[in-house]
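Read through the structure below, which is laid out as structure tokens, and then see the notes.
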Amino acid sequence: MGKSVDGIRRLTAGDMSIQVNLNDYLDIYCPHYPNKRPQGSGQPEELALYLVGEASFQGCVETRGAIKRWECNTPYAPFGPVRFSEKIQRFTPFSLGFEFLPGRHYYYSSLPADEGPPLPCMKLRVTVCCEPKKASEGSKQIQETEAVTSACYLRTASPPLLLTLVLLLLTT
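Numbering (UniProt numbering), first residue to last: 1 to 172.
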């Protein structure tokens, strides 16, 4: 999405919504200024982007449970705008990665950085397509042990990291 007035209005009004598929990438571009002075007389835009629950999405305040995903704090980056990519995937190999479930909604919200000027809150609702299909009784393709209780998971540690920690403890 470009910097269209309609796009910015929809982001700040909270009615911007997109639908993605598993294995798609959601690219976020941070505000960027090619010169050392932003257009206008104020400070450059610096903000943090959070993954929040639906209830927190209605307001624009940092809430308990909101997870900071990215921080846009280099508005004069010499290589151009900073881009963050979120891979929409069911399983992630990364210890701090998120796992997204088909048929669920995820909510991103921005807040100004501590040093930056006050900015309007921008909000984006992401819907992951599609609802999983029910397995027929004769099909054993879907594991019955998968109990999904949360919209996204934050892994705390990967098996290789745990193995490394155990080996370090054993050698000391």
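Where a beta carbon is used, it is the ideal one built from N, C-alpha and C, also for glycine. As the structure is a computational prediction, the values presented were derived from the model and not from experiment.
Buried or exposed (CB count within 10 angstroms, at least 16 for buried), residue i
i, result
"PHE79", "exposed"
"CYS72", "buried"
"GLN19", "exposed"
"PRO44", "buried"
As assigned by DSSP and simplified to three states, the class of residue i
i, result
"ALA48", "strand"
"SER56", "helix"
"PRO112", "strand"
"CYS130", "coil"
"TYR76", "coil"
Given residue i as reference, the closest of the options once Cα atoms are compared
i, options, result
"ASN23", "GLU86, TYR106, ARG125 and SER110", "GLU86"
"LYS123", "ALA113, CYS129, SER109 and CYS130", "SER109"
"TYR29", "GLY97, ALA77 and ILE88", "ALA77"
Residue j beta carbon less than 7 Å from that of residue i
i, j, result
"ARG69", "LEU47", "no"
"ASP27", "ARG83", "yes"
"SER17", "ARG104", "no"
"VAL128", "PRO102", "yes"
Contact test: residue i Cβ vs the ligand GTP heavy atom, cutoff 6 Å
i, result
"LEU101", "Among the ligands in the structure shown, none appear at all, so the ligand GTP cannot be discussed."
Identified DSSP bridge partners for residue i
i, result
"LEU124", "TYR108"
"GLN19", "THR127"
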